[in-house]
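Residue numbers (the numbering used here): 209 to 319.
Following this line, the structure appears as structure tokens:
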């Protein structure tokens with residue numbers, strides 16, 4: 209797997225060789241996806257990377273892309289938190305709605 213260069217090198221690439229930085233980003237991302245433990249995980253990571261790439265394309269500026277991707281991440285974490293709470297804290301029996309049914313009137317018993 210390619211190594212991430214030092215921060216100063218990345219800054220220099222961003223200023224002077226943005227295409228080279230993009231190529232490096234893509235190769236590092238592809239290496240992480242390729243190193244996934246199984247096919248299911250690899251496909252999920254590819255799908256996630258596709259979504260990230262589409263958000264980057266849709267954004268008009270790099271800052272807008274960063275904000276969109278950050279919002280995606282926040283939504284995903286909120287969904288995960290809700291799922292964990294639902295499993296860890298099932299609803300209390302008292303909170304369940306009581307089923308309603310019509311009450312039938314009965315007259316006195318015949319003797």
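Each residue gets a CB set at the ideal place from its N, CA and C atoms; glycine is no exception.
DSSP state of residue i mapped onto helix, strand, coil
i           : result
residue 314 : coil
residue 245 : coil
residue 209 : coil
residue 273 : helix
residue 305 : coil
residue 225 : coil
Member of the options whose CA lies at the smallest distance from the CA of residue i
i           : options            : result
residue 260 : 312, 246, 234, 229 : 234
residue 230 : 264, 248, 247      : 264
residue 254 : 246, 241, 226      : 241
residue 212 : 227, 237, 223, 224 : 237
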